[in-house]
Amino acid sequence: MLDLISAAPDRATARGGAAGHWESMTAAIAGLSGPVAAISIPALRANTLDLVVRAGGVPIRVASKSVRVRAVQDAVQRVPGYRGILAFTLPEALWLAETCDDVVMGYPTADRSALARLAGDEEAARRVTLMVDDPAQLDLIDAVVAPGRRPPLRVALDVDASWQATGLGHVGVRRSPVHHPGEAAALAREVAGRAGFRLVGLMMYEAQIAGQPDAAGAGDAVIRWMQRRSGRELRDRRGAVVAAVQDMAVLEFVNGGGTGSLEYTAADQAVTEVTAGSGLLAGHLFDGYRAFAPAPAAAFALEVVRKPAPDIVTVLGGGWIASGPALASRQPAPVWPAGLRTLAREGAGEVQTPLQGEAARTMAVGDRVWFRHAKSGELAERVDSYHLVDGDRVVGEVPTYRGEGRAFL
659 MLDLISAAPD
669 RATARGGAAG
679 HWESMTAAIA
689 GLSGPVAAIS
699 IPALRANTLD
709 LVVRAGGVPI
719 RVASKSVRVR
729 AVQDAVQRVP
739 GYRGILAFTL
749 PEALWLAETC
759 DDVVMGYPTA
769 DRSALARLAG
779 DEEAARRVTL
789 MVDDPAQLDL
799 IDAVVAPGRR
809 PPLRVALDVD
819 ASWQATGLGH
829 VGVRRSPVHH
839 PGEAAALARE
849 VAGRAGFRLV
859 GLMMYEAQIA
869 GQPDAAGAGD
879 AVIRWMQRRS
889 GRELRDRRGA
899 VVAAVQDMAV
909 LEFVNGGGTG
919 SLEYTAADQA
929 VTEVTAGSGL
939 LAGHLFDGYR
949 AFAPAPAAAF
959 ALEVVRKPAP
969 DIVTVLGGGW
979 IASGPALASR
989 QPAPVWPAGL
999 RTLAREGAGE
1009 VQTPLQGEAA
1019 RTMAVGDRVW
1029 FRHAKSGELA
1039 ERVDSYHLVD
1049 GDRVVGEVPT
1059 YRGEGRAFL
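Just so you know, we're using the numbering used here here: the sequence shown kicks off at 659 and counts up by one.
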């Protein structure tokens, strides 16, 4: 059993920016072959507890999309300050609900087979909360199993948290069509007035604040200005949305935030819980925030298989790309040995990745290069397991969703 609370985190060890961290990781996996994914237990422990501190006493719901390792999710759930899981598909939610009694869908679903399974399982119906932002989603559920032939299904509303700024237009991601308090109230009235549904929650995810690094380049000042203005607008609007919806139903939870905005979101009096996931394993995109500095808990090592030039080594694999726009920031980053970089015209390849730098001159076939993935979830889709490393020793191994034979998206 992965234990994250039996020892205090050694933050100096966990931060891992110095050579010693990667040298220890390399020593730990010396006897393992092929691509190796690893989790540093001290780094994961430090990140887990740091998120609790940043949330300031507001419960944290774990975003499974950013972890995709059930043993890690279970271990985090045992840490005081964490409560429940935010799932990304209904088949996944049903699977997780076998052992977790509080699973909220982060997105709407049109999976008819999974909806039929949910409607036919009273225990799952008590544990899983569906996410909706349109009456058409309710219609689809009713078409799968009529209200009179199923237990009441728990429902939460997804309300748009983006900033509709004068002169700038839409700032944020395109999620829910429900934006204003009146629109939220109308949808709440629709849910509350229909048989077979029970409105229990509300989610507003401020991606333009939580998912936007503010210390990564020349545009930092503009990003911080946007986040301040958007934050003020959202705090007022979220309070009004919650008040409007609570006129229709008693809400069990109001969810918001993400790894990048825990302090801001937790301070909003309208919010009862925050969500975080990427901050646990800490992909390199999360190095670009001023408010926190996560430890590189998860990483993967690839083997050098050839040297096309004295200052270039080629490793097998590497093209494990994160979601979002196809930019360099979504590629995995080589971090050890220091000074290696991908080639502009090749990047990280599906089968091979050439890396250039002075460090390559002293490397040989069979040597290891450590990479950090960009976000968090994409690495688990490429490997069957993570090796658990403590210092310079592998102390365990845990399967990913893929390793358990699960492919949800």
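Cβ coordinates follow ideal geometry from the N, Cα and C atoms, glycine included.
Please identify the residue among 815, 692, 1026 and 880 whose C-alpha is closest to the C-alpha of residue 858. 815
Taking its Cβ as the centre, do 16 or more other Cβ atoms sit within 10 Å of residue 849, making it buried, or is it exposed? Burial call: buried.
The alpha helix (DSSP H) that contains residue 884, what's its start and end? 878-904
Would you kindly report the start and end of the unbroken beta strand (DSSP E) that includes residue 934? 931-934
For residue 1007 and residue 737, what's the separation of their Cα atoms in angstroms? 38 Å
My output table needs one value for residue 978: the three-state DSSP class, helix, strand or coil. coil
Own chain residues within Cβ distance below 8 Å of residue 997, not counting five before or after: 1015, 1016 and 1017
3 or more residues per run - each beta strand (DSSP E) lying fully within the segment 787-832: 811-816, 821-823 and 827-829
Does the beta-carbon distance from residue 958 to residue 930 come in below 7 Å? Not closer than 7 Å, so no.
From which residue to which residue does the alpha helix (DSSP H) around residue 731 run? 728-735
Cβ distance (whole Å) where residue 1029 is taken to contact residue 992 below 8 Å: Right, the Cβ-Cβ distance comes to about 5 Å (below 8 Å), so this counts as a contact.
Kindly indicate which three-state DSSP category residue 674 falls into: helix, strand or coil? The pLDDT assigned to residue 674 is 48, lower than 50, so where the model puts this residue is not dependable; a value taken from the coordinates is nonetheless given after this. Three-state result, residue 674: coil.
Residue 999 versus residue 721: straight-line alpha-carbon distance, rounded: 31 Å
Sub-7 Å separation of residue 773 and residue 743 beta-carbons: In this structure, residue 743 does not lie closer than 7 Å to residue 773 by Cβ.
Please classify residue 1065 as buried or exposed, where buried requires at least 16 neighbouring CB atoms within 10 angstroms. exposed
With DSSP run on the structure shown, which of helix, strand or coil describes residue 663? coil
Indicate the three-state DSSP secondary structure (helix, strand or coil) for residue 952 in the structure shown. Assignment of residue 952 by DSSP, reduced to helix, strand and coil, places it in the coil class.
Taking just the CA atoms, how far does residue 679 sit from residue 818? 41 Å
Which residue's Cα is closest to the Cα of residue 909: 916, 917 and 900? 900
Under a Cβ-count criterion, where at least 16 other Cβ atoms within 10 Å of its own Cβ denotes burial, should residue 926 be classed as buried or exposed? buried
Buried or exposed by the 16-neighbour rule on C-beta atoms within 10 Å, applied to residue 688: exposed
To the nearest angstrom, report how far apart residue 726 and residue 734 are at their CA atoms. 13 Å
Evaluate the contact criterion for the segment 748-765 versus the segment 785-800: three or more CB pairs, one atom per stretch, below 8 Å. Yes: the two stretches touch, three or more of their Cβ pairs being nearer than 8 Å.
Should residue 704 and residue 1045 be called a contact, given that it needs their Cβ atoms to be closer than 7 Å? no
From residue 855 to residue 683, what distance separates their C-alpha atoms? 50 Å
Who are the near neighbours of residue 766 in its chain, counting only those whose CB is closer than 8 Å to its CB and skipping five residues on each side? Within the same chain, Cβ atoms closer than 8 Å to the Cβ of residue 766 are found at 788, 789, 790, 791, 792, 795 and 816, the five residues on either side in sequence being excluded.
Roughly how many angstroms separate the alpha carbons of residue 876 and residue 885, rounded to a whole number? The predicted position of residue 876 is uncertain, since its pLDDT is 45 and thus under 50; no value can be drawn from it.
If you compare alpha carbons, which of 918, 820, 949 and 934 is closest to residue 893? 820
8 Å CB neighbourhood of residue 802 in its chain, flanking five on each side removed: 770, 773, 774 and 777
Given this structure, state the Cα-to-Cα distance separating residue 723 from residue 948, to the nearest angstrom. Spanning the alpha carbons of residue 723 and residue 948 requires a straight line of approximately 24 Å.
Shortest alpha-carbon distance to residue 813 belongs to which of 840, 853, 837 and 961? Measuring from the Cα of residue 813, the nearest candidate turns out to be 853.
Limits of the unbroken alpha helix (DSSP H) element including residue 771: 770-777
Distance between beta carbons of residue 916 and residue 934, contact taken as under 8 Å: Right, their Cβ atoms sit about 6 Å apart.
Option in 748, 866 and 920 with minimal Cα separation from residue 715: Closest by alpha carbon: 920.
Range covered by the beta strand (DSSP E) that runs through residue 1056: 1051-1057
Please determine, among 1024, 1032 and 895, the residue with the shortest C-alpha to C-alpha distance to residue 936. 1032
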